[in-house]
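Colleague: So my numbering is basically just the index in the sequence shown, starting at one, shifted up by 55.
Below: one structure in structure tokens.
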Amino acid sequence: MPNPVRTRRQVAEAHKKVFRKRLRELAASMGARHPAVLGDALLLLIEGIYVTGQQSEEGPAQSAFTVAKLLIDAILKA
């Protein structure tokens, strides 16, 4: 019988891998000179939103849109 905890972890890891690839592809389609860096930066931001969003509706996640825009603008100008 498969270990359900391990199976859930494998599903989560597979999802994150696909999501990371997609963010990098989106960054490349925007013309980023460093699409891997932008994709990974956005992934880190999103992961942080997940965590801080669970703690409080008034926490740092409220700044996510502004931070994402700053990241994108900075990388596209680099």
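Cβ coordinates follow ideal geometry from the N, Cα and C atoms, glycine included.
None of the values given here were measured: they were computed from a predicted structure.
1) What are the boundary residues of the alpha helix (DSSP H) that residue 110 is part of?
2) Hey, how far is the Cα of residue 80 from the Cα of residue 111?
3) Could you tell me whether the Cβ atoms of residue 97 and residue 125 are closer together than 9 Å?
4) Applying the criterion that 16 or more other CB atoms from any shown protein chain within 10 Å of the CB defines a buried residue, is residue 99 buried or exposed?
5) What's the C-alpha gap between residue 117 and residue 101?
Modeller: Result, derived from the coordinates:
1) That run of the alpha helix (DSSP H) goes 90–110.
2) Looking at the two C-alpha atoms, the distance is approximately 31 Å.
3) With contacts defined by Cβ atoms closer than 9 Å, residue 97 and residue 125 do not form a contacting pair.
4) Burial state of residue 99 is exposed, judged by a 10 Å Cβ sphere holding fewer than 16 other Cβ atoms.
5) Spanning the two alpha carbons is a distance of roughly 12 Å.
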